[in-house]
Amino acid sequence: VNYNNVWAAMGIPIDVIKTRMKKGDKEAFHIGGSDASGVVWATGKDVKNVAIGDEVVVHCGMWDPDDPFVLAGKDPMLGPTQKIWGYESNWGSFAQYTKVQDHQCLPKPPHLTWEEAASYMLVGATAYRMLHGWAGNTVQPGDPLLIWGGAGGLGSMAIQIAAAAGARPVAVVSGDSKNEFCKKLGAVGVIDRRKFEHWGKLPRWSDDIEYNLWLKGARAFGAAFWEALGEKKNPTIVFEHPGETTLPTSCFMVETGGMVVICAGTTGYNATLDLRYHWMRQKRLQGSHFANAEQCKGINDLVIAGKVDPCMSRVFEFRETGECHQLMRENKHPSGNMSILVNAPRIGLKNLADVRAAR
């Protein structure tokens, strides 16, 4: 379960059905779902990397393998044919069968249950690209990092990926109850964002009173980061996804030459920043969207090695699909990641033999 299907259901920022039909698709319906684990049921004649019966996890990056951009060896996620399965494409994971490209299938970690294996790839690969994918600003051992939404699906992956690289992530949460969860994942400290009130649109720079009030709040948040880190250093990378309410602070506090990397705008899309700090301190504001095949393999390898846990928090029955997305929309979902049982008869099963025995 991730935010893609929340956006699809709301028709914000796009109507996914109308958008697909404008491009030639004929189906006036949408089967969502951009994460899955399962068993290969059938393969096309040119498929080489998977076989019928393979137990796999599915990543959501789709692209035309014959696209000249891809054939030239360039990152397919920057190419004109890339799209997200189950959001920009149809036939997602919320159904008994789905249709994917062969490169989307990766080996299912054998130690995970089906529901655990279905929960991490979208957020995990997105976080992996954000932290490892942008040359000149990749996570390094000892780096201080700020992770927004540390107890959520994206944040819980980012903390573990950063910790696995030897970095020192500080998590931002919305309540003390989430502190220990983040620390167990590898966060060196936690900040409760509810203790600050300067969030939102940046005041106009010429309004001394309002701007100085905002600046006081941003500096207090920066001091809280130093305290959580245990050292007076600014983050070399800020892991962003709330967007509108938090980006001004992120861009202000990131280290000189550092990067704010953002993959979403869950609080809004109209962000502001003070360009004076941006150019004078040569900071980078980097957009990031899902991951390429190499990066998907990177996160899957970390999971297989036991260095990243899916952080499975709750499993829903298929009939509860709407309920779990509503919880996510209202930010009432539990920490970590959620899954939906589609074909599996119950939770706790790890392979096809388990499923057959349970039936």
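All you need for my numbering is the position in the sequence shown, starting with 1, plus 827. For each residue, glycine too, the CB sits at the ideal point set by N, CA and C. If you're wondering where the values come from, they're calculated on a predicted model, not measured in any experiment.
Item	Value
Beta-carbon gap between Q923 and V1169 smaller than 8 Å	yes
The region 1058 to 1065 / the region 1034 to 1043 touching (three or more Cβ pairs under 8 Å)	no
Cβ contact (3+ pairs, closer than 8 Å) linking the region 876 to 893 and the region 934 to 950	yes
Bridge partner(s) assigned by DSSP for P934	V883
Where K845 sits in the DSSP three-state scheme	helix
Contact check, G969 vs A994, beta carbons under 8 Å	yes
Where the beta strand (DSSP E) through F1143 begins and ends	M1139 to E1144
Cross-strand partners of R995 (DSSP beta bridge)	P971
N-terminal and C-terminal residue of the beta strand (DSSP E) that R1111 is part of	R1111 to G1114
Per DSSP, the bridge partner or partners of F921	None; F921 has no bridge partner.
Presumed contact (8 Å Cβ cut-off) between W975 and E1067, rounded CB distance	6 Å
Segment contact, 8 Å Cβ cut-off, at least three pairs: the region 855 to 863 with the region 828 to 843	yes
DSSP bridge partner residues for F1066 (one or two, in chain order)	I974 and V1088
Three CB pairs or more closer than 8 Å across the region 1103 to 1120 and the region 895 to 910	yes
Assigned exposure category for M848 - 16 Cβ within 10 Å defines buried	exposed
Closest residue to N1158 among K1022, D891 and T1093 (Cα-Cα distance)	T1093
Length-filtered (3 minimum) beta strand (DSSP E) runs lying within the region 1003 to 1051	1016 to 1019
V897 to V1087 span [Cα, whole Å]	27 Å
Contacting residues, own chain, Cβ-Cβ under 6 Å from H1152 (five flanking each side not counted)	N832 and V833
Close-in-space but distant-in-sequence residues of the same chain around L1176 (CB under 7 Å, 5 per side omitted)	T940, W941, V1182 and A1185
Nonlocal neighbours in the same chain, by C-beta distance under 6 Å from S1166, ignoring five residues either side	E942, A945, S946 and V1142
A985 vs P996 beta-carbon contact at 8 Å	yes
Assigned exposure category for A1180 - 16 Cβ within 10 Å defines buried	exposed
Segment contact flag, the region 931 to 939 with the region 1124 to 1142, C-beta cutoff 8 Å, min 3 pairs	yes
Cα-Cα separation between N876 and T870, rounded to whole angstroms	10 Å
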